[in-house]
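Student:
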Amino acid sequence: MHTPRCNHAEGRVADYARAAIDAGLREIGISDHSPMPPPFDDDWRMRMEQLEEYVAEVLAARDRFAGRLTIRLGLEVDWRPGCEPFVAELAGRHPWDYLIGSVHYLGDWAFDDPDRRDRWDSVGVGATFCSYFDAVAASAASGLFDIIGHPDLAKKFGHRPAPEEDAAVARAEEAMLDAVARAGVALEISSAGLRKPCGAIYPSPRIVAAAAARGIPFSYGSDAHAPGDVGFAMDGCRALLARHGVTRICTFHRRRRALRPL
């Protein structure tokens, strides 16, 4: 769940909390887009000078809604090679419950930016998917994150590899999942893709099945950018996990993972 500090969301933390209570949820996590150092400090994230007020707002809401709703403090952090020291320092600044590692950039290309979709044609769909999964694998191997966000975001606009590319993409997927399993991090299952052109949950049933076979745990996410998104299509996420034998879901407190029934 995000706040207006990332410049593409709306609603205060208290608004999200009330929406969660109305939806019958017992726990939510607030995970706004983290600050990043230059030259990676784009307009889609909070500024470093906003971090303290963000943390204060989440912790105040946690106290305000205690007994009615558990609110966890998190960040969604972009994986950018070379930024590891910055992220490690950021991780020590506050009592985070979890950090989500997400890949939105391949080099300097924000591949999920609608204004930069034209580059898909020059790079190629299969190559983009493979590079994306390679980057996700590297983010997991970094040891910086507790959760891998929207693990197949490359499908956001509905791109699909050609049949002759699918074997290479599948190998990249498998290598990514092996890296996630070795790192002991969780995968996010996110309903946000149902609100995007791809019209599908992140990640795909193929990835869910392969992750479940490896014993990789999952965490729920609706990637809410407005209070009305809270809890969106969680039943669909739960059903997808259950179809592949997953019976428990992750929660986090002070970066320690616990499992509870779906």
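In terms of the numbering used here, the sequence shown opens at residue 11 and continues consecutively.
For every residue, glycine included, the Cβ atom is placed at its ideal position computed from N, Cα and C.
1. By how many angstroms is the C-alpha of E86 removed from the C-alpha of P45?
2. Suppose contacts are defined by Cβ-Cβ distances below 8 Å. Is S201 in contact with S232 by that definition?
3. Does DSSP put T138 in a helix, in a strand, or in coil?
4. Is V87 helix, strand or coil when you go by DSSP?
5. Which whole-angstrom value is the C-beta distance of G84 and L109, which I expect to be below 8 Å?
6. For E37, write down the residues that DSSP places opposite it in a beta bridge.
7. Within the region 93 to 153, note down every full alpha helix (DSSP H) run reaching 4 residues or more, in order along the chain.
8. Would you mind giving the Cβ-Cβ distance between V256 and A222, rounded to the nearest angstrom? I have them listed as a contact below 8 Å.
9. How many whole angstroms separate the CB atoms of V135 and H114, which I take to be in contact at a CB cut-off of 8 Å?
10. Just grab the DSSP bridge partners of C247 for me.
11. Select from D52, D144, A182 and R57 the residue whose C-alpha is nearest the C-alpha of D118.
12. What did DSSP end up calling R28 once you bin it into helix, strand or coil?
13. Could you work out which residue in V133, D245 and K206 is closest to G34 when comparing CA atoms only?
14. What separation, rounded to the nearest whole angstrom, lies between the Cα atoms of W89 and A70?
15. Buried or exposed: which applies to A177, given that a residue is buried once 16 or more other Cβ atoms fall within 10 Å of its Cβ?
16. Whose C-beta lies closer than 6 Å to the C-beta of E67 among residues of the same chain, with five residues either side of it excluded?
17. Put I259 into one of helix, strand or coil per three-state DSSP.
18. Compute the beta-carbon to beta-carbon distance between I31 and R78, rounded to the nearest angstrom, for a pair I have assumed lies under 8 Å.
19. Residue range of the beta strand (DSSP E) that R181 falls in?
20. Is the beta carbon of C140 less than 8 Å from the beta carbon of K166?
21. Tell me the DSSP secondary structure of S272 in three-state form.
22. Count the other CB atoms, across all protein chains shown, that sit within 10 Å of the CB of P161; report buried if there are 16 or more and exposed otherwise.
23. Measure the Cβ-Cβ separation of L250 and I199 and say whether it is below 8 Å.
24. For P237, count the other beta carbons within 10 Å of its own beta carbon; 16 or more makes it buried, fewer makes it exposed. Which is it?
25. Using the Cα positions of R55 and P91, report the straight-line distance between them to the nearest angstrom.
26. Are the Cβ atoms of G203 and G159 separated by less than 8 Å?
27. Would you tell me roughly how many angstroms separate the C-alpha atoms of P2 and D131, rounded to the nearest one?
28. Taking all protein chains shown into account, do 16 or more other C-beta atoms lie within 10 angstroms of the C-beta of E183, making it buried, or fewer, making it exposed?
Tutor: Working from what's here:
1. Position 35 of the sequence shown, counted from the start, is the residue given in the question as residue 45. Position 76 of the sequence shown, counted from the start, is the residue given in the question as residue 86. C-alpha separation (whole angstroms): 9 Å.
2. Locating residue 201 in the sequence shown gives position 191, counting from the first residue. Locating residue 232 in the sequence shown gives position 222, counting from the first residue. Their beta carbons are under 8 Å apart, which means S201 touches S232 by this criterion.
3. Your numbering for residue 138 matches position 128 in the sequence shown. Looking at T138 - three-state DSSP - the assignment turns out to be helix.
4. Here residue 87 is taken as the residue at index 77 of the sequence shown, counted from 1. DSSP places V87 in strand when its eight states are reduced to three.
5. Residue mapping note: residue 84 aligns to position 74 of the sequence shown, counting from 1. Residue mapping note: residue 109 aligns to position 99 of the sequence shown, counting from 1. At roughly 6 Å, the Cβ-Cβ gap stays under 8 Å, so G84 and L109 are in contact.
6. As a position in the sequence shown, residue 37 is number 27, starting the count at 1. In DSSP, E37 forms a bridge with T80.
7. If only complete runs of 4 or more residues are kept, the region 93 to 153 shows the alpha helix (DSSP H) at 94 to 101, 129 to 133 and 135 to 151, in order along the chain.
8. Along the sequence shown, read from residue 1 onward, the residue named residue 256 stands at position 246. Along the sequence shown, read from residue 1 onward, the residue named residue 222 stands at position 212. That belief holds up - the Cβ atoms of V256 and A222 are roughly 5 Å apart, short of 8 Å.
9. The count along the sequence shown starts at 1 and reaches residue 135 at position 125. The count along the sequence shown starts at 1 and reaches residue 114 at position 104. Not a contact, Cβ separation roughly 17 Å.
10. One-based indexing of the sequence shown puts residue 247 at position 237. None; C247 has no bridge partner.
11. In the sequence shown, the residue the question calls residue 118 occupies position 108. Answer by Cα proximity: D52.
12. What you label residue 28 is simply residue 18 of the sequence shown in a count that begins at 1. The answer is helix: DSSP assigns R28 an H, G or I state.
13. As a first step, residue 34 must be located in the sequence shown, where it is residue number 24. For G34, the closest of V133, D245 and K206 by C-alpha to C-alpha distance is D245.
14. Reading the sequence shown from its first residue, position 79 is the one you call residue 89. Reading the sequence shown from its first residue, position 60 is the one you call residue 70. Straight through space, the alpha carbons of A70 and W89 are spaced by roughly 29 Å.
15. Within the sequence shown, numbered from 1, the residue matching residue 177 stands at position 167. The residue is exposed, with fewer than 16 neighbouring Cβ atoms inside 10 Å.
16. Taking the sequence shown and counting its residues from 1, one reaches residue 67 at position 57. Same-chain partners within the cutoff: V23.
17. Here residue 259 is taken as the residue at index 249 of the sequence shown, counted from 1. The answer is strand: DSSP assigns I259 an E or B state.
18. On the sequence shown, position 21 is the one that residue 31 refers to. On the sequence shown, position 68 is the one that residue 78 refers to. Correct: roughly 6 Å between the Cβ atoms.
19. In the sequence shown, residue 181 corresponds to position 171, counting from 1. Per DSSP, R181 belongs to no beta strand (DSSP E); it is in the alpha helix (DSSP H), D176 to A193.
20. Position 130 of the sequence shown, counted from the start, is the residue given in the question as residue 140. Position 156 of the sequence shown, counted from the start, is the residue given in the question as residue 166. Their beta carbons are not under 8 Å apart, which means C140 does not touch K166 by this criterion.
21. Along the sequence shown, one-based indexing puts residue 272 at 262. Here the sequence assigns Leu to residue 272, which means Ser is not the residue at that position. In this structure, L272 counts as coil in the three-state DSSP scheme.
22. Counting from 1 along the sequence shown, the entry for residue 161 is found at position 151. Under this definition P161 is a buried residue.
23. Translated into positions along the sequence shown, residue 250 becomes position 240. Translated into positions along the sequence shown, residue 199 becomes position 189. Yes, Cβ-Cβ distance for L250 and I199 is below 8 Å.
24. Position 227 of the sequence shown, counting from 1, holds the residue named residue 237. By the 10 Å Cβ count, P237 comes out buried.
25. By 1-based counting over the sequence shown, the position of residue 55 is 45. By 1-based counting over the sequence shown, the position of residue 91 is 81. One Cα belongs to R55, the other to P91, and the distance between them is close to 18 Å.
26. Mapped onto the sequence shown, residue 203 falls at position 193. Mapped onto the sequence shown, residue 159 falls at position 149. Contact flag unset, no.
27. The first residue shown for the chain is 11 and the last is 272, placing residue 2 beyond what the model contains.
28. Counting from 1 along the sequence shown, the entry for residue 183 is found at position 173. Residue environment for E183: buried (at least 16 other C-beta atoms within 10 angstroms of its C-beta).
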